[in-house]
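Undergrad: Would you mind keeping the following structure in view while I ask a few things?
Right, here's the structure in full:
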């Protein structure tokens, strides 16, 4: 596609429910990142994918958070048993390749998650 | 660990005034540095980046930034601010990790307000 696409753009869920957030990266981009942006906070790194594997999951806040990527393309971030502190904007980014440090990451519009 | 500091959380300038947003980084090697802008309800857009070479880099929308190794800084500047520049600005450093991948480390952001 022309850019990184995330869905849904907004999600309101009840505390304790599971949610799935989707990211469709730019075609051909092998690197994919998930970040979280809480109100008034910067961007918090969650997880990185190179192809289908996730060499860095260090930013996942708890075991309620998981992510997968299939076919080297679409990624889903799943939050189980959502809590109010999970409310944030979840941003996905992709880049052509990783490991060189000089590649630009392109961001999606984000999914605004509200847990009530 | 690598880090990025944006000392100013909130800045207000008058339209037509000059602007400088500060960014300091902590990184052992030659850094790859970025400035992103996030308009309300939008994703992040790359303004400019520094990889090597000329320490003064030009970006989109009339922005420029200067890399100063001695001060570990990468401040963003614009000679004359427009009302449409009101947004949140993020400085980032690309952390190249063993294992052949990299990830962006973001500052907390600076929110810019522009008075008419």
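Residue numbers (this note's numbering), protein chains in the order written: chain B, 1 to 116; chain U, 117 to 232.
Even glycine gets a Cβ: it sits at the ideal position worked out from N, Cα and C.
Looking at the secondary structure, which residues open and close the beta strand (DSSP E) in which residue 212(U) lies?
TA: The residue given as residue 212(U) occupies position 96 in the second chain. It spans 203–213 - the beta strand (DSSP E) in which residue 212(U) sits, taken as one unbroken run.
Undergrad: Between residue 189(U) and residue 138(U), which are expected to be in contact by the criterion C-beta below 8 Å, what is the C-beta distance as a whole number of angstroms?
TA: By 1-based counting over the second chain, the position of residue 189(U) is 73. By 1-based counting over the second chain, the position of residue 138(U) is 22. With a Cβ gap of about 7 Å, residue 189(U) and residue 138(U) count as contacting.
Undergrad: So, does the segment 150–169 of chain U touch the segment 199–215 of chain U, judging by three or more C-beta pairs under 8 Å?
TA: yes
Undergrad: Here's the rule: buried if 16 or more other CB atoms are within 10 angstroms of the residue's CB, otherwise exposed. What is residue 12(B)?
TA: By one-based count along the first chain, residue 12(B) stands at place 12. Exposed, since its Cβ has fewer than 16 Cβ neighbours within 10 Å.
Undergrad: Rank 202(U), 223(U), 186(U), 158(U) by C-alpha distance to the C-alpha of residue 135(U) and give the top, closest one.
TA: As a first step, residue 135(U) must be located in the second chain, where it is residue number 19. Closest option to residue 135(U), Cα to Cα, is 202(U).
Undergrad: Tell me the rounded alpha-carbon separation between residue 7(B) and residue 182(U).
TA: As a first step, residue 7(B) is located in the first chain; it is residue number 7 there, counting from the start. As a first step, residue 182(U) is located in the second chain; it is residue number 66 there, counting from the start. Between residue 7(B) and residue 182(U), the C-alpha separation is close to 37 Å.
Undergrad: Beta carbon of residue 33(B), beta carbon of residue 93(B): below 8 Å?
TA: Counting from 1 along the first chain, the entry for residue 33(B) is found at position 33. Counting from 1 along the first chain, the entry for residue 93(B) is found at position 93. It is a contact, given that the beta carbons lie within the stated cut-off.
Undergrad: Taking only the alpha-carbon atoms, compute the straight-line gap between residue 25(B) and residue 171(U) and give it to the nearest angstrom.
TA: Position 25 of the first chain, counted from the start, is the residue given in the question as residue 25(B). Position 55 of the second chain, counted from the start, is the residue given in the question as residue 171(U). One C-alpha to the other measures close to 31 Å.
Undergrad: In the DSSP assignment, the beta strand (DSSP E) including residue 57(U) goes from what residue to what residue?
TA: A query on residue 57(U) cannot be resolved here, the shown segment of chain U reaching from 117 to 232 and no further.
Undergrad: Please report the residue range of the beta strand (DSSP E) in which residue 33(B) lies.
TA: The sequence position of residue 33(B) within the first chain is 33, counting from 1. Residues 31–37.
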